[in-house]
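Notes follow the structure.
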Amino acid sequence: MSTRDRLQLLQGTLDLLILRTLASGRAHGQGVARAIQSASRDSILVDHGSLYPALQRLEDRGWIRAEWGTSENNRRARFYELTAAGRRQLTRATREWWSFADAMALVLGPQSSVG
Amino acid sequence: MRNPLLFLRRRRRPDADFAEEIAAHLELEADRLVAEGLSRREAVHEAHRRFGNIGLVQEDFHRRRTIGWMEAIPQQLRRGARRLVRAPLFSITATLTIALGIGATTAVFSLVNGVLLRPLPFAHPDRLVDISHSIVLQGLSHVDQSDATYLYYRRANHVFTDVGAYRAADVNLSAVGSGDAARARRVEAARASASLFGVLGVAPMRGRVFRDDEDLPGAIPVAIIAERLWQEQYASDPGIVGSEIMVDGVVHEVIGVMPRSFAFPDEGTALWVPIGIDPANTKTAAFDYRAVGRLRPGMTPAAAAADLARLLPKVPEAFPGRLTANAIALTHMEPVVRPLRDVLLGGVGDALWVILGAAAFLLLIACANVANLFLVRAEERQHELAVRRALGAGRGVIVAEFFSEGVSVAVLGGVLGVALAVAGIHALRSMPSGIAIPRLGGVGVDGTVLAAAAGATLLTAFIMSVVPALRSYGAGGASVLVQTSRSATAGRSRHRTRRVFVVVQVALALVLITGAGLMARSFQALRSVNPGFDTARSYTFRVQLPNAAYPASGSVVGYVTRALDEISRLPGVQAAGAISKVPLETEARQDTAVFMEGKVPAGGMGQAMPDIHQVAYATPGSFSALGIPIIEGRSFDVPDASRAPLQAIVTSAFARRYWGDEPAVGRRVRFAPVGPWFTVIGVTGDVHGTRLDEPPDETVYLPLVIAPGPAMANGGADSTRWSPRELAFVVRSSAAPHDATLPVERTLRSLAPAVPVYGVRSMEEVVDRSTARTSFTMGLLEIASLTALVIGEVGLYGVVSYMVSLREREIAVRMALGAQPGALRRRVLGEAMAVAVVGIVVGLGVTLLSMRVIAALLFEVAPNDAATLAGAVAVMGVVALAASWIPARRAAAVDPATTLRTDI
């Protein structure tokens, strides 16, 4: 699969994906990127360059918190986990996303027609 | 939307920590890739590739973390400066324009600050008030204090902590001794009550001030000198206190030295002697003194005036004399209490504020001009900026760039401007004839002025940068790229902004030109007033003959007669005389009550108050020496000290007031309700002796030989401020100015070595000094309006040329399609003039609204004088036409072939 075929992330979706990924447990940045990639079956390629500013943005808003730790293969890494506020934000953003996606689906019609 | 205050909550995360996280990421990613089968080297390379631009991400983090632009200020300024150095013509023009604006504003503000805003150098100056009286009399509306009112107010009031009295009275100062030591100099001096120093709250730097018992005449003579005099005349002699000096021929003991800050009542007052008021022997109706009161805390001037109004009717009881309860009631005499600062400053505020306004206008014009330059520059860079925006440069960065350039230019201009201001103030202070502005000595660039200049500089930087910055901020990258590509002309809105700036410049310049024009016309009108005397080749020399050296009036007359005799024989001298009051000089003016024979004043005999008129004492020759024509009758007889003739000469205005068209010669006047009559023997032409812009004087001239003797003692002399011992020799000479004055001075000196000759000037100088403030205001407004014209012309020229250069293609197309060069020229010219006309119309509106503020400074010209307005519009129109002509011609000279070919 070439980069060209991969989905470009819509503005704001990266934040939601990060929050969703961290909902399953704490992870470092590279881990988050890998998790999103594998969960999307490699459809979504996370731009590493925008991942870290996004993490910082979420941390600044108090949705995630970070601390330095050691990775499974003994590398020092900065681990992120969801805060309570982050959990609430995830719920809210997920709801918004689905209502947005539903609305898009209504306008675009059933998937089969795009085929 | 991000909460803008979020950064306050953020923990500070160091840049290094973020960098470390990225490094960790790259290692983890490489580990994973190795696990997928890549070699270590390939894996590291691939991890980097997938990450993208690490530096950019880190810089972005840094910018978001710190409030980016604040940390970047020095860097931005450096970059801004570098960009400016690369565009020297632009930078120099912009900087000089700003320097002119800031320089003018700073110089004038330092004047306003030093003269008007700087607190008086006394303790709690806001509680100091001047105490005087309003009065309703023909020829008099205002009097100060007599010894009686001062003494009674001081004793009986409930509103002042204390009251001090003073009277400016210059003296002849010399060392004690004879020969060279006895050579006196004229020194500005004042008589002061002991209480004055306490009221003003200034302590001597050496010695002591006067004691209350030294107020009395006949006390041992003492004097206090000013620090400046102490340094200049006595070389800061530490033993000065206790030493003896000669003041008006009398030995005085120096008891104290006042610090330089104590410049009271005038900037140049250098010596104080006791006031010499005798409570047992008052002249109750001679209002010779001025009084300063210190209000008790919380007391207002109005409350103080009310308290004094209660006291005034009781003054005659305490001090019986000519000031009777009846006189107080008949003249509606009322105490007036005004802040001391207002009284000391006089009317100078009007002129200064107008000039400051003009300077501020000039600064605005400079700002508009430079903002326009910046706008043009920004446009030239629009393409570059759009590319940079497209490549990811933040809007903030680009806005910061504009501001950094603006700040660089403004700061440089501000520094230059302050230097200009310092030079300007220096020039102002060294102006020879003086500009009739009080407290000028204290004017300088101090902290307040620097702060104001810095404020003006920052404001300037803001005004200059904000418009180009906003434009670049608002414009989207793509639209700019399209708009500024060569196949299009610049956007309309941009032209509009530039035109607005030009309109502002033209409008403000028009206001300044009109102001300068009105002042010039006032000045012209003032100088075309016939003063009533002939200024050409007429010179004055002042002397004061001290009582000590010339105790008897006969000796004064003897001195005057001999001096005139010797002066008359000097080569070139055509006429010579001595007179107590020189027209248009303020010194030695005397106003006194005048009673006319056969005229019963309104209100009935005994009930009525007399009219007040100026009285001057003159020798027969002084009229021809001053060139004052005797239009009816004749001049005085040759003076004879032993037999003073009871003669008077009156001015035309005086004669008209009392006798209308009937002959004045033969009428009789006197200066007391009873006493000898003086017969009018002559009438002079109209003399504007008080001010050129006031109606001609109603003056009575008496023969100089009449010294205060028994004949006058119980009469008019009571209310005289004049002493016949202080007088001016007036000489008309055909010799060159220098040859005319030197021999006269030498003659007077050799006649009386101990009597200093001062105030030596031509009558032309006297007139110049009397109009100094008008000519000063006019001069500054003219400088301001000329500068405004030049800046405005450059601005208009720049904008029109730029518009032409942007439209070269369009013009070329038109020409290729057959447009005539002449028509194109007219078209460009027409567009430029349309902008100028809008500016002129706006300017006219502003002018009509704002010229009211200078009405007080004008003379015989209305603030909305049509001719002046028309002239200003014409000047502005011609300048605008000139500024547009060259670019218009260039437009017509566009070669379509060349221009269109380069566009492929």
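Chains as they are written, first to last, in the numbering used here: chain A, 1 to 115; chain B, 116 to 1019.
Beta carbons: idealized from backbone N, C-alpha and C, even for Gly.
Bear in mind the structure is a predicted one, so any value in this text is a computation, not a measurement.
Any chain B beta carbon closer than 8 Å to residue i
{"i": "A/Gln37", "result": "no"}
{"i": "A/Gln89", "result": "no"}
{"i": "A/Asp47", "result": "yes"}
{"i": "A/Ile18", "result": "no"}
{"i": "A/Ala77", "result": "yes"}
{"i": "A/Ser99", "result": "no"}
Cβ separation of residue i and residue j, assumed to be a contact under 8 Å, to the nearest whole Å
{"i": "B/Ile355", "j": "B/Arg321", "result": "7 Å"}
{"i": "B/Lys398", "j": "B/Ser249", "result": "Contact flag wrong, Cβ pair sits at about 21 Å."}
{"i": "B/Asp726", "j": "B/Leu252", "result": "7 Å"}
{"i": "B/Ser885", "j": "B/Leu807", "result": "6 Å"}
{"i": "B/Leu192", "j": "B/Ser519", "result": "5 Å"}
{"i": "B/Leu141", "j": "A/Ser71", "result": "Their Cβ separation, rounded to whole angstroms, is 13 Å, which puts B/Leu141 and A/Ser71 out of contact at 8 Å."}
{"i": "B/Leu625", "j": "B/Gly958", "result": "3 Å"}
For residue j and residue i, the rounded distance between their alpha carbons
{"i": "B/Leu386", "j": "B/Phe751", "result": "38 Å"}
{"i": "A/Leu82", "j": "A/Gly29", "result": "13 Å"}
{"i": "A/Thr94", "j": "A/Gln37", "result": "19 Å"}
{"i": "B/Ile906", "j": "B/Leu633", "result": "21 Å"}
{"i": "B/Met930", "j": "B/Val524", "result": "40 Å"}
{"i": "B/Phe769", "j": "B/Glu702", "result": "21 Å"}
{"i": "B/Thr629", "j": "B/Leu896", "result": "10 Å"}
{"i": "B/Pro428", "j": "B/Ala406", "result": "18 Å"}
{"i": "B/Ala139", "j": "A/Ala77", "result": "6 Å"}
{"i": "B/Gln639", "j": "B/Glu303", "result": "33 Å"}
{"i": "B/Arg306", "j": "B/Gln659", "result": "16 Å"}
{"i": "B/Ala822", "j": "B/Arg749", "result": "In this prediction, B/Ala822 scores a pLDDT of 48, lower than 50, which makes its location untrustworthy; the coordinate-derived value is nonetheless stated afterwards. Going by the C-alpha atoms only, they are around 22 Å apart."}
{"i": "B/Leu455", "j": "B/Val859", "result": "41 Å"}
{"i": "B/Arg771", "j": "B/Val564", "result": "53 Å"}
{"i": "B/Ala828", "j": "B/Pro791", "result": "The pLDDT assigned to B/Ala828 is 36, lower than 50, so where the model puts this residue is not dependable; a value taken from the coordinates is nonetheless given after this. Each residue's alpha carbon lies about 12 Å from the other."}
{"i": "B/Ala299", "j": "B/Gly804", "result": "30 Å"}
{"i": "B/Thr446", "j": "B/Arg657", "result": "35 Å"}
{"i": "B/Val928", "j": "B/Ser900", "result": "41 Å"}
{"i": "B/Met966", "j": "B/Leu904", "result": "19 Å"}
{"i": "B/Thr889", "j": "B/Gly464", "result": "13 Å"}
{"i": "B/Asp422", "j": "B/Val274", "result": "7 Å"}
{"i": "B/Leu685", "j": "B/Gly673", "result": "19 Å"}
Residue i burial status per 10 Å Cβ neighbour count (16 or more: buried)
{"i": "B/Ile746", "result": "exposed"}
{"i": "A/Trp63", "result": "buried"}
{"i": "B/His853", "result": "exposed"}
{"i": "B/Asn287", "result": "buried"}
{"i": "A/Leu17", "result": "buried"}
{"i": "B/Gln346", "result": "exposed"}
{"i": "B/Val497", "result": "Residue 497 of chain B is actually Gln in this sequence, not Val. Label assigned to B/Gln497: buried."}
{"i": "B/Asp241", "result": "exposed"}
{"i": "B/Thr1013", "result": "exposed"}
Delimiting residues of the beta strand (DSSP E) encompassing residue i
{"i": "B/Ser653", "result": "Ser653 to Gln659"}
{"i": "B/Asp277", "result": "Phe275 to Ala283"}
{"i": "B/Leu243", "result": "Leu243 to Leu252"}
{"i": "A/Glu67", "result": "Ile64 to Thr70"}
{"i": "B/Tyr732", "result": "Asp726 to Ala733"}
{"i": "B/Met320", "result": "Per DSSP, B/Met320 belongs to no beta strand (DSSP E) and is neither H nor E."}
{"i": "B/Ile745", "result": "Ile745 to Gly748"}
Within-8 Å CB hit, residue i to chain A
{"i": "B/Asn168", "result": "yes"}
{"i": "B/Phe176", "result": "yes"}
{"i": "B/Val172", "result": "yes"}
{"i": "B/His541", "result": "no"}
{"i": "B/Ala139", "result": "yes"}
{"i": "B/Leu148", "result": "no"}
For residue i, the first and last residue of its enclosing alpha helix (DSSP H)
{"i": "B/Ala421", "result": "Pro416 to Leu426"}
{"i": "B/Pro936", "result": "Pro936 to Ser965"}
{"i": "A/Leu37", "result": "Correcting the residue type first, residue 37 of chain A is Gln in the shown sequence and not Leu. A/Gln37 -> alpha helix (DSSP H) spans Gly29 to Ala39."}
{"i": "B/Ile370", "result": "It is not in any alpha helix (DSSP H) - B/Ile370 instead sits in the beta strand (DSSP E) that spans Val365 to Met373."}
Heavy atom of the ligand GTP within 7 Å of residue i beta-carbon
{"i": "B/Gly570", "result": "Here there are no bound small molecules, and the ligand GTP is not part of this structure."}
**Asked** For the stretch 25 to 36 of chain A, which residues have a CB atom closer than 9 Å to at least one CB atom of chain E, in sequence order?
**Response** Of the protein chains in this structure, namely A and B, none is chain E.
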